[in-house]
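Below is one structure, written out as structure tokens; comments come after it.
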Amino acid sequence: QVQLVQSGAEVKKPGASVKVSCKASGYTFTSYDVNWVRQATGQGLEWVGWMNPNSGDTGYAQKFQGRVTMTRDTSISTAYMELSSLTSEDAAVYFCARWTAAHTFDYWGQGTLVTVSS
Amino acid sequence: IVMTQTPLSLSVTPGQPASISCKSSRSLLHSDGKTYLYWYLQKPGQSPQLLIYEVSKRFSGVPDRFGGSGSGTDFTLKISRVEAEDVGVYYCMQSVHPLTFGGGTKVEIK
């Protein structure tokens, strides 16, 4: 069955960077784009960006341009999202999700809580 | 594109219907003829799960008590008979670039 398993919770200081991983299984990793969506505590969903695991092509929401980098390691079917220059406003649960031909997400990771605190 | 959901919350008696509205600031009808409007349910403590894609198509395994309708800028998710397992926050989403979500509608059981 399709699974996306994310790395564990992170605590970072303001100004630091965080790198979250998303390991895919149950399907061909390079056949589906991986997107990242975040959710601040008690808030709604916010799209961060996408990556094509086959080509490595990426696209980021304008809000995160210059601060976010999405990469992958196809040998271990894992996608990564790195966010730099963290502020308290970046504290959130970050989800990876598989993008389908129907232009939406069908499977999601369990989420990774990122806490930003001095 | 701004997605506006109403109501913010809904308290429903089991077995009764529920309806959630989602309005977009621009038409979601793409030049390819498809309308990229989706509905998700995020149950407490869980990741979002896809319910409806392209306005009205139920995702695999979604009960037929869930139905989506609408066109252009106005869309509705209807639950014909709410069950206890339907509690959570419902989000609409559009995927005309850049992708955006509605603010969510919390559904509770009376």
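Those protein sequence lines, which keep their order, are chains P and Z.
Residues 1101 to 1218 (the numbering used here) are what the first sequence spells out, left to right.
Residues 3 to 112 (the numbering used here) are what the second sequence spells out, left to right.
Beta carbons: idealized from backbone N, C-alpha and C, even for Gly.
Note that this is a predicted model, so its numbers are computed, not measured.
Taking a C-beta cut-off of 9 Å against chain Z, the contacting residues of the region 1124 to 1147 of chain P are Asn1135, Val1137, Gln1139, Gln1143, Gly1144, Leu1145, Glu1146, Trp1147, listed in chain order.
In chain Z, no part has a C-beta under 8 Å from the C-beta of Asp1173 (chain P); the shortest such distance is about 23 Å. Counting along the chain, Asp76 (chain Z) sits inside the beta strand (DSSP E) bounded by residues 76 to 81. Counting other Cβ atoms within 10 Å of its Cβ, Val1105 (chain P) stays below 16 and is therefore classed as exposed. Here Asn1135 (chain P) is bridged, per DSSP, to P:Trp1150, P:Ala1197.
Taking a Cβ-Cβ cut-off of 9 Å, the neighbours of Glu56 (chain Z) in chain P comprise Ala1202, His1203, Thr1204, given in sequence order. No Cβ-Cβ contact shorter than 8 Å links Ser1107 (chain P) with Ser1184 (chain P).
DSSP places Glu85 (chain Z) outside both helix and strand once states are collapsed to three, so it counts as coil. In the structure shown, Lys59 (chain Z) adopts extended strand secondary structure according to DSSP, grouped into three states. Look at Asp1190 (chain P) here: in three-state DSSP terms it is helix. Rounded to whole angstroms, the separation of the alpha carbons of Val57 (chain Z) and Ser71 (chain Z) is 6 Å. Around Phe1164 (chain P), no beta-carbon contact reaches into chain Z at under 8 Å, the shortest distance being about 11 Å. For Leu52 (chain Z), DSSP records a beta bridge to Z:Tyr42. In summary, Gly106 (chain Z) is buried, with 16 or more beta-carbon neighbours lying within 10 Å of its beta-carbon over all protein chains present.
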